[in-house]
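Asks: Input: one structure, supplied below.
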Amino acid sequence: MSMLAALILMQVVAPLPASPHAATTPSEQALYADCVRAANEGVPGAIDAATQWKNGTGGVPARHCLGLAYMGANRPADAARAFEDAARVAEAQGNPAAAELYGQAGNALLLAEEYARAEVVLSNALVLAARQGGKAKGELLIDRARAREAQGNSTGARTDLEEAVTLAPDDAAGWLLLGVLARREERLEAARPALANALRLAPGDPDVQLEAGNMAAMDGDYAKARALWNAAVRAGRDTPTGKAADAALLRNPE
1 MSMLAALILM QVVAPLPASP HAATTPSEQA LYADCVRAAN EGVPGAIDAA TQWKNGTGGV
61 PARHCLGLAY MGANRPADAA RAFEDAARVA EAQGNPAAAE LYGQAGNALL LAEEYARAEV
121 VLSNALVLAA RQGGKAKGEL LIDRARAREA QGNSTGARTD LEEAVTLAPD DAAGWLLLGV
181 LARREERLEA ARPALANALR LAPGDPDVQL EAGNMAAMDG DYAKARALWN AAVRAGRDTP
241 TGKAADAALL RNPE
């Protein structure tokens with residue numbers, strides 16, 4: 001896997017949140033709240049309880065909660081199947097949660113390293129989200145870019161990211177990934193503003209600090225680069241990002 005693909009997967013956020021649209025009736029909402037709480041707290045038997053609810057009266061909320069329980073148990077492939085099952089049911093019902101649920105399935109598939117399937121599922125989410133536009137569609141495009149880059153499709157990833165930052169200009173992840181891709185492809189005139197935007201939006205994020213430092217070093221500003229790498233080490237100590245920043249400092253002493 002390329003360094004960019006590894007960075008892309010670091011940006012995937014888990015566990016996934018509860019869906020505000022998954023439950024529709026008051027009784028479903030109460031059951032859903034209890035189920036999600038058990039899933040998020042890692043209560044023993046949460047998977048079994050969600051499965052029993054799904055096999056009984058549960059529809060979309062039970063399936064979504066089952067996915068959350070699997071995520072809590074570090075079983076992203078199983079979680080993806082549950083989220084996708086929930087999305088299909090929601091789509092058939094005309095439930096507006098369908099796009100979000102497909103998106104969560106795609107994120108779980110990224111965590112499971114099932115990149116081709118993640119791209120398909122995220123494309124389904126984008127079809128449903130086409131009418132929403134704005135941030136929701138932008139975030140899905142960022143996720144699909146992750147799936148595409150992980151499969152070596154840099155052109156497709158770049159296309160998604162360029163559209164994503166126009167739809168969700170306040171999402172630092174989109175700018176970060178776009179900038180890293182441009183820097184790797186030696187398109188430095190595109191990389192500089194993208195990474196500058198990422199740093200402006202998320203100045204304390206160690207991934208952003210690392211990559212902005214790398215860009216500064218390429219431009220010959222080693223004082224700025226070292227300052228950013230030191231910040232990344234402090235913010236991400238004992239993480240892959242922090243270790244990469246520490247290695248950069250060792251390669252570029254004062």
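Residue numbers (the numbering used here): 1 to 254.
For each residue, glycine too, the CB sits at the ideal point set by N, CA and C.
Would you give the residue range spanned by the alpha helix (DSSP H) that VAL43 belongs to?
Replies: No alpha helix (DSSP H) holds VAL43; DSSP gives it neither H nor E.
Asks: Kindly indicate which residue of LEU228, GLU114, VAL43 has the alpha-carbon position closest to the one of ALA77.
Replies: Of the listed residues, the one whose Cα sits closest to ALA77 is GLU114.
Asks: Going by C-alpha distance, which of ALA217, LEU68, ASN55 is nearest CYS35?
Replies: Cα-wise, what sits closest to CYS35 is LEU68.
Asks: Got a sec, what are the start and stop residues for the alpha helix (DSSP H) GLU189 sits in?
Replies: Taken as a continuous stretch (DSSP letters only), the alpha helix (DSSP H) holding GLU189 covers 188-201.
Asks: From PRO169 to LYS135, what does the alpha carbon distance come to, in whole angstroms?
Replies: Cα-Cα distance, rounded: 8 Å.
Asks: Helix or strand or just coil, what does DSSP make of PRO20?
Replies: Annotation note: pLDDT 47 at PRO20 (below 50); position unreliable, no value reported.
Asks: Report buried or exposed for ARG131, applying the criterion of at least 16 other Cβ atoms within 10 angstroms of its Cβ.
Replies: Exposed.
Asks: Just verifying my parser: in three-state terms, what is the DSSP assignment at PRO169?
Replies: Reduced to three states, the DSSP call for PRO169 is coil.
Asks: Determine the direct distance from the alpha carbon of LEU31 to that of PRO203, and round the result to whole angstroms.
Replies: Roughly 40 Å separates the two Cα atoms.
Asks: Using C-beta distances below 7 Å, list every residue in its chain close to ALA232, excluding the 5 sequence neighbours before and after it, in chain order.
Replies: Only PRO206, GLN209, LEU210, GLY213, THR241, GLY242, ALA245 meet the Cβ criterion.
Asks: Might you give, ordered along the chain, the residues of its own chain that have their beta carbon closer than 7 Å to the beta carbon of ALA118, omitting 5 neighbours on each side?
Replies: Cβ within range, chain order: GLY106, LEU109, LEU110, ALA147.
Asks: Classify ASN252: buried if its beta carbon has 16 or more other beta carbons within 10 angstroms, exposed otherwise.
Replies: It counts as exposed.
Asks: Buried or exposed: where does GLN104 fall if 16 or more other Cβ atoms within 10 Å of its Cβ makes it buried?
Replies: Result: buried.
Asks: Please look up how many angstroms separate the CB atoms of GLY138 and GLY94, rounded, as I've assumed it's under 8 Å.
Replies: No, GLY138 and GLY94 are not in contact; Cβ-Cβ is about 24 Å, not under 8 Å.
Asks: How many angstroms separate the CA atom of ARG234 from the CA atom of VAL89?
Replies: Looking at the two C-alpha atoms, the distance is approximately 45 Å.
Asks: What would DSSP say about PRO61, mapped onto helix, strand or coil?
Replies: Residue state, collapsed to three classes: helix.
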